[in-house]
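Undergrad: Quick one: structure below, then a few questions.
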Amino acid sequence: KLKLYKGNMINAGVTSPFTLYDEQTASFGEDEDYNQADAAGFINLFGLSIKERAKLSKSWPKIED
Numbered sequence: 001k002l003k004l005y006k007g008n009m010i011n012a013g014v015t016s017p018f019t020l021y022d023e024q025t026a027s028f029g030e031d032e033d034y035n036q037a038d039a040a041g042f043i044n045l046f047g048l049s050i051k052e053r054a055k056l057s058k059s060w061p062k063i064e065d
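Okay, structure coming up:
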């Protein structure tokens with residue numbers, strides 16, 4: 001499905017009999033495949049490098065412009 005507007009072509013949708021998309025899983029509602037508590041662990045783990053860099057950068061010498 002394409003949308004045409006003022007010389008632009010925009011992909012507005014794709015369908016396939018081999019899709020990996022499952023609306024029930026993608027909704028992040030309550031089901032056995034997705035545990036909302038997993039998000040907190042992911043956020044903490046993903047943010048760890050940012051926290052460590054912030055700690056280290058406090059001891060770096062200041063650069064004057």
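For the sequence shown, the positions run 1 to 65 when the working numbering is used. We put the CB at the ideal spot given by N, CA and C, even for glycine. All of these numbers come straight from a predicted model, not from anything done at the bench.
1) Comparing alpha-carbon positions, which option in Ser57, Ala37 and Ala12 lies nearest Lys1?
2) Provide the residue(s) that pair with Ile10 in DSSP beta bridges, ordered along the chain.
3) Go to Leu20, then tell me how far its alpha helix (DSSP H) extends in each direction, as first and last residue.
4) Relative to the C-alpha of Gln24, which residue among Gly41, Pro17, Phe18 and Tyr34 is closest?
5) Where do the N-terminal and C-terminal ends of the alpha helix (DSSP H) with Lys62 fall, by residue?
TA: Answer, in terms of the structure:
1) Ala12
2) Lys3
3) That residue, Leu20, is in no alpha helix (DSSP H); it is neither H nor E in DSSP.
4) Tyr34
5) Taken as a continuous stretch (DSSP letters only), Lys62 belongs to no alpha helix (DSSP H), as it is neither H nor E.
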